[in-house]
Amino acid sequence: MKQVVVPGELLSEERKKLGPNVYVLNGKIYAKVLGITNTESEIAEVVALKGMYIPKRDDTIVGIVNRVVFAGYGVDVNSFADSFIPKKAMRTDLKLGDVIIAKVEDVNELKEADLSFPRKMGDGEVIKITAVRSPRLIGKNGSMLDVLTNGTNCEIFIGKNGRVWARDGNINLLKKAVHFIDENSYKSNLTNAVEELLKEKK
Amino acid sequence: MKQETMIDYKKDKKRIDGRKMDESRPLKIEVGVIPNANGSAYLEWGQNKVYAAVYGPREALPKHSADPLKTVIKVEYRMTSFSVPQRKRPGPNRRDQEISKVLGEALTKAVFVEQFPNTEIGVYVEVIDSNAGSRVACLTAASCALADAGIPMRDLVSAIGVGKAFGELVVDLDKAEEDAPDAVDIPIGILPNSEEIVLLQLDGLLTDKEWEIVSKLGINACKKVYEVQKEALKRKFDLSEAMEKKDSKNVSKENISKENIDKKNVEKKEVKSVKKKVKK
Amino acid sequence: MRSTILESDIQKVVSLARDGKRLDNRQLDEMREIKIETGMSENAEGSTIVTLGNTKVIAGLKIEIGTPYPDNQDEGSISIGAENLPLAHPDYESGRPDDDEVEVARVVDRAIRESKAIDFKSLCIIKGEKVWVGYLDFYALNGDGNMFDAGSIAALVTFNNAKMPKLDAENRIIMHEYDGKLKLSRKPLLTTFVKVGGKILLDPTYLEEKAAEARFSVGTTEDGFISAMQKGVGGSFNKEEVSYMIDLAFKNSDKIRKQILKI
Numbered sequence: 004m005k006q007v008v009v010p011g012e013l014l015s016e017e018r019k020k021l022g023p024n025v026y027v028l029n030g031k032i033y034a035k036v037l038g039i040t041n042t043e044s045e046i047a048e049v050v051a052l053k054g055m056y057i058p059k060r061d062d063t064i065v066g067i068v069n070r071v072v073f074a075g076y077g078v079d080v081n082s083f084a085d086s087f088i089p090k091k092a093m094r095t096d097l098k099l100g101d102v103i104i105a106k107v108e109d110v111n112e113l114k115e116a117d118l119s120f121p122r123k124m125g126d127g128e129v130i131k132i133t134a135v136r137s138p139r140l141i142g143k144n145g146s147m148l149d150v151l152t153n154g155t156n157c158e159i160f161i162g163k164n165g166r167v168w169a170r171d172g173n174i175n176l177l178k179k180a181v182h183f184i185d186e187n188s189y190k191s192n193l194t195n196a197v198e199e200l201l202k203e204k205k
Numbered sequence: 014m015k016q017e018t019m020i021d022y023k024k025d026k027k028r029i030d031g032r033k034m035d036e037s038r039p040l041k042i043e044v045g046v047i048p049n050a051n052g053s054a055y056l057e058w059g060q061n062k063v064y065a066a067v068y069g070p071r072e073a074l075p076k077h078s079a080d081p082l083k084t085v086i087k088v089e090y091r092m093t094s095f096s097v098p099q100r101k102r103p104g105p106n107r108r109d110q111e112i113s114k115v116l117g118e119a120l121t122k123a124v125f126v127e128q129f130p131n132t133e134i135g136v137y138v139e140v141i142d143s144n145a146g147s148r149v150a151c152l153t154a155a156s157c158a159l160a161d162a163g164i165p166m167r168d169l170v171s172a173i174g175v176g177k178a179f180g181e182l183v184v185d186l187d188k189a190e191e192d193a194p195d196a197v198d199i200p201i202g203i204l205p206n207s208e209e210i211v212l213l214q215l216d217g218l219l220t221d222k223e224w225e226i227v228s229k230l231g232i233n234a235c236k237k238v239y240e241v242q243k244e245a246l247k248r249k250f251d252l253s254e255a256m257e258k259k260d261s262k263n264v265s266k267e268n269i270s271k272e273n274i275d276k277k278n279v280e281k282k283e284v285k286s287v288k289k290k291v292k293k
Numbered sequence: 434m435r436s437t438i439l440e441s442d443i444q445k446v447v448s449l450a451r452d453g454k455r456l457d458n459r460q461l462d463e464m465r466e467i468k469i470e471t472g473m474s475e476n477a478e479g480s481t482i483v484t485l486g487n488t489k490v491i492a493g494l495k496i497e498i499g500t501p502y503p504d505n506q507d508e509g510s511i512s513i514g515a516e517n518l519p520l521a522h523p524d525y526e527s528g529r530p531d532d533d534e535v536e537v538a539r540v541v542d543r544a545i546r547e548s549k550a551i552d553f554k555s556l557c558i559i560k561g562e563k564v565w566v567g568y569l570d571f572y573a574l575n576g577d578g579n580m581f582d583a584g585s586i587a588a589l590v591t592f593n594n595a596k597m598p599k600l601d602a603e604n605r606i607i608m609h610e611y612d613g614k615l616k617l618s619r620k621p622l623l624t625t626f627v628k629v630g631g632k633i634l635l636d637p638t639y640l641e642e643k644a645a646e647a648r649f650s651v652g653t654t655e656d657g658f659i660s661a662m663q664k665g666v667g668g669s670f671n672k673e674e675v676s677y678m679i680d681l682a683f684k685n686s687d688k689i690r691k692q693i694l695k696i
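Chains as they are written, first to last, in this note's numbering: chain A, 4 to 205; chain B, 14 to 293; chain C, 434 to 696.
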């Protein structure tokens with residue numbers, strides 16, 4: 004059964020495989036964050052409902068150039084520290100406000116992200132979502148992303164860091180849908196509801 | 014106010030405001046009330062009303078305050094000038110400073126601070142009305158705001174004031190009781206699951222036997238506070254409310270409005286009953 | 434100093450304004466929605482929470498006994514303070530009131546004081562000895578721009594609902610007892626504009642304030658008086674722009690007065 008838990012709530016008194024957002028004390032497993040757990044799952048884990056983006060290796064992120072200096076660019080990645088891209092890593096020059104996508108190559112002990120394969124995105128819009136809920140925009144096997152793309156005709160790129168870049172198509176409708184998913188991320192049957200929403204507003 | 018001499022706590026077995034000895038004042042919590050914050054809570058406890066907001070983890074400022082091994086939890090406890098009977102001068106006084114310090118230390122034990130080295134988590138609590146017990150109200154609200162911010166924690170922190178007034182050991186002292194000639198005021202905060210004590214202060218004179226009794230009263234009362242905290246945090250996420258195809262329009266509208274959940278539920282019930290009537 | 438605002442967002446606000454548009458889809462002369470709650474602080478002689486879009490402000494009033502100024506022996510007084518609590522925005526800092534906080538408090542104060550809405554002579558208890566002093570402080574609970582108008586609305590509603598403390602035979606305050614209400618003969622309100630991308634915007638958000646070349650606030654009364662003006666930030670306005678803003682301020686504040694005071 005799916006269940007909302009608060010930090011410190013007991014998840015299991017038995018040994019279980021440990022997933023994210025849990026901790027063990029005296030042989031018992033507890034939740035670490037406010038989130039959702041499945042009591043029947045063989046893995047003890049909590050899917051966080053709130054929280055900012057914490058860079059993880061191999062994440063793809065949407066960054067915004069926030070500082071231009073001689074050697075390179077300070078990039079806001081919607082986390083607690085900016086990332087830095089050296090000028091030589093880019094084929095084209097970047098200016099303030101440019102949107103890039105990049106992969107998190109490494110995360111240092113201070114949780115700062117080293118970015119690789121930065122790519123400058125053209126004119127488009129950045130839409131925000133609660134960072135921990137951004138996987139919902141992709142859905143199982145990309146099902147939600149398909150619904151969003153088909154329903155809005157937008158070119159969409161989803162960053163793990165709570166940012167969506169999009170262009171063309173019906174951007175305002177996409178904004179509504181992203182906001183809707185943000186507000187209802189924890190509910191079941193969400194993909195169908197989003198489909199309905201996109202049909203209605205079309 | 015004038016009644017206080019007329020009630021005999023020992024004989025009448027009730028308190029100035031009619032409460033039982035181990036009864037606390039009504040407690041209400043709502044989370045997610047400050048849109049700019051990463052996490053927030055509003056709490057009403059009797060006449061006490063407080064807001065709590067959490068910002069972070071974020072870059073620690075000034076830079077020398079950063080700890081390369083863990084996040085620093087910076088609590089600022091403040092009272093608005095009009096939250097007390099005699100106007101409080103703006104700006105922090107020594108009491109505010111001390112309370113901020115002990116609240117920060119209490120929360121540090123609850124948070125997995127080593128997960129965010131070199132950062133700070135700013136926790137701001139503001140009292141807008143008060144009547145004894147504002148620090149435990151703030152600690153209770155602050156721990157809800159931390160959880161609402163998605164911060165990894167060992168447990169919530171639940172707190173209450175216990176102590177002694179008019180010869181009796183009591184839970185959740187109000188101002189009239191704090192002013193009793195024999196008053197003892199003990200703010201206590203615990204991690205409710207392990208019952209570890211993370212906040213403990215005492216003002217007044219108490220025997221060790223009385224402490225034995227009153228500390229138990231305190232821990233039991235904290236556990237009741239914990240139930241209210243849990244409910245407040247979970248209320249926002251009603252899993253039973255699955256997205257039904259037919260209702261998707263209504264649900265979306267309701268969820269987008271940031272109305273008070275309580276009100277919303279009441280309204281929803283009203284709407285439902287109205288619908289039924291229409292059908293009839 | 435923290436700044437959580439991205440330079441690119443400011444650029445976006447400017448280019449939108451040039452086309453007569455705003456990020457939140459408002460008209461340039463459109464105010465955000467206002468909500469009012471009162472009486473949340475029992476210890477205060479009056480208290481109000483104002484929500485102006487995403488900006489949320491709480492004001493509270495304490496009325497105490499003070500001594501009159503030597504040159505105004507038979508007059509009480511008011512004092513207004515403002516604080517951008519760090520609780521309300523990631524860029525706000527604690528500590529002594531900074532220039533912005535002092536300015537907003539003084540402009541809100543002037544709009545009320547200079548309108549003569551409060552008769553300071555009526556606040557005299559004993560000439561030369563005891564007078565009433567009203568301390569109104571307002572605090573940001575969530576900051577999204579235009580603390581001027583949010584503070585001004587909060588101050589007006591708070592003064593308008595304020596209870597006067599009761600005095601005993603020796604002219605000492607009896608705690609938690611009251612004796613009538615504070616009298617307000619006028620209902621002054623501030624209206625604030627910014628100039629962004631050469632256009633005049635009513636009721637700026639935080640981002641619009643950051644993008645502003647210039648800012649203008651005007652205090653107006655329901656009976657056609659201007660009680661305060663304040664131009665801020667580095668840029669400038671021409672005379673036509675000022676006339677336009679004053680005219681719009683009278684119209685807009687009339688609407689707000691109807692809503693918040695039901696007059």
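Where a beta carbon is used, it is the ideal one built from N, C-alpha and C, also for glycine.
| Check | Outcome |
| --- | --- |
| Contact set between the region 620 to 647 of chain C and chain B, restricted to residues whose Cβ is under 8 Å from the partner | none |
| Length of the line joining the Cα atoms of Leu118 of chain A and Gly165 of chain A | 16 Å |
| Collapsed DSSP secondary structure at Asp577 of chain C in the structure displayed | coil |
| Residue span of the alpha helix (DSSP H) that contains Asp161 of chain B, given as start and end | Ser147 to Asp161 |
| Option in C:Glu466, C:Ile467 and C:Thr481 with minimal Cα separation from Met473 of chain C | C:Thr481 |
| Alpha-carbon spacing of Arg170 of chain A relative to Ala515 of chain C, whole angstroms | 43 Å |
| Segment contact flag, the region 551 to 560 of chain C with the region 103 to 112 of chain B, C-beta cutoff 8 Å, min 3 pairs | no |
| For Glu466 of chain C, the three-state DSSP class (helix, strand or coil) | coil |
| Distance between Val167 of chain A and Lys131 of chain A (C-alpha atoms, nearest Å) | 6 Å |
| Sub-8 Å separation of Ile112 of chain B and Ile134 of chain B beta-carbons | no |
| Same chain, Cβ closer than 6 Å to Lys87 of chain B, neighbours up to 5 away in sequence not counted | Glu133 and Gly135 |
| Whole beta strand (DSSP E) elements within the region 497 to 552 of chain C, 3-residue minimum | 510 to 516 |
| Short CB-CB distance (under 8 Å) between Arg539 of chain C and chain F | Judged by its chain identifiers, the structure shown contains no chain F, and its protein chains are A, B and C. |
| Short CB-CB distance (under 8 Å) between Gln214 of chain B and chain C | no |
| Same chain, Cβ closer than 6 Å to Glu190 of chain B, five either side skipped, listed in chain order | Ala178 |
| Of the listed residues B:Pro39, B:Tyr22, B:Asp21 and B:Ile29, nearest to Lys237 of chain B (C-alpha basis) | B:Pro39 |
| Cross-chain neighbours of Phe95 of chain B in chain C, by beta carbon under 7 Å | Ser474, Asn476, Ala477, Ser480, Gly493, Leu494, Lys495 and Asp570 |
| Beta strand (DSSP E) segment containing Gln460 of chain C, residue limits | That residue, Gln460 of chain C, is in no beta strand (DSSP E); it is neither H nor E in DSSP. |
| Bridge partner(s) assigned by DSSP for Tyr90 of chain B | B:Val138 |
| For Lys684 of chain C and Pro10 of chain A, the rounded distance between their alpha carbons | 52 Å |
| Residues, ordered as in the chain, of the region 58 to 77 of chain B that lie near chain A by beta-carbon distance below 8 Å | Gly69, Pro70, Arg71 and Glu72 |
| Environment of Ser270 of chain B [buried if 16+ CB atoms lie within 10 Å] | Note that Ser270 of chain B has pLDDT 40, beneath the 50 cutoff, so the model's placement of it is unreliable and the number below is only indicative. Result: exposed. |
| At least three beta-carbon pairs within less than 8 Å, the region 28 to 42 of chain A to the region 66 to 81 of chain A | no |
| Residues from the region 80 to 101 of chain A in contact with chain B, defined by Cβ distance under 8 Å | Phe83 and Ala84 |
| Option in A:Asn29, A:Asp96 and A:Lys204 with minimal Cα separation from Lys179 of chain A | A:Lys204 |
| Touch test, the region 590 to 601 of chain C against the region 609 to 624 of chain C, Cβ-Cβ under 8 Å, three pairs minimum | yes |
| Stretch pair the region 644 to 652 of chain C + the region 460 to 467 of chain C: three plus CB contacts closer than 8 Å | no |
| For Ala661 of chain C, the first and last residue of its enclosing beta strand (DSSP E) | Ile659 to Gly665 |
| Short-range partners of chain B found in the region 514 to 529 of chain C, where Cβ spacing is below 8 Å | Gly514, Glu516, Leu518, Pro519, Leu520, Ala521, His522, Pro523, Ser527 and Arg529 |
| Close beta carbons around Glu45 of chain A, own chain, < 7 Å, minus the five adjacent residues each side | Lys19 and Lys20 |
| Three-state secondary structure assigned by DSSP to Val8 of chain A | strand |
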